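Encoded as structure tokens, the structure appears first; notes follow it.
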Amino acid sequence: MTVNPAHTALWPAPHASGAVDATVHVPGSKSVTNRALVLAALASEPGWLRRPLRSRDTLLMAARAARDGRRYRGNGVLQLLRRGRLGRLR
1 MTVNPAHTAL WPAPHASGAV DATVHVPGSK SVTNRALVLA ALASEPGWLR
51 RPLRSRDTLL MAARAARDGR RYRGNGVLQL LRRGRLGRLR
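Using full-length UniProt numbering, you'd call the opening residue of the sequence shown number 1 and step up by one each time.
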């Protein structure tokens, strides 16, 4: 295998000519979202889960918790987690 020297040259990193003002939204994580849903279901106070990852797994977790009396409301950006009755853990 041969390597083309032109492809191994260092790539100059981009730089801004002035101050940068930006917001970056990092993609959610299924694992972190599911853990947050479990913790919210066990918590004694309401809480907010901001920008939860919406996936089949996380929707199933929220639906299962809702069967035990928790309520999850979302508008696509914020999801309110309110504690309901704790229900028996199986």
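Even glycine gets a Cβ: it sits at the ideal position worked out from N, Cα and C.
No experiment lies behind these values; they were computed from the predicted model shown.
Of Gly18, Ser17, Pro27, the smallest CA-CA separation from proline 52 is found for Pro27.
Annotated three-state conformation of arginine 50 is strand, per DSSP. Take serine 55, set aside five residues on each side of it, and the residues of its chain with a beta-carbon closer than 8 Å to its own are Lys30, Thr33, in chain order. Alanine 65 and leucine 39 do not touch by the CB rule: their CB atoms are close to 11 Å apart, not below 8 Å. Nearest to aspartate 57 by C-alpha distance, out of Arg35, Arg67, Arg50, Ala19, is Arg35. Per DSSP, valine 32 is one residue of the alpha helix (DSSP H) stretching across 30–42.
Residue burial annotation: leucine 60 is exposed, with fewer than 16 other C-beta atoms found within 10 angstroms of its C-beta. Here the C-alpha atom of arginine 67 lies approximately 11 Å from the C-alpha atom of alanine 41. Taking the Cα positions, histidine 25 is about 20 Å away from alanine 16.
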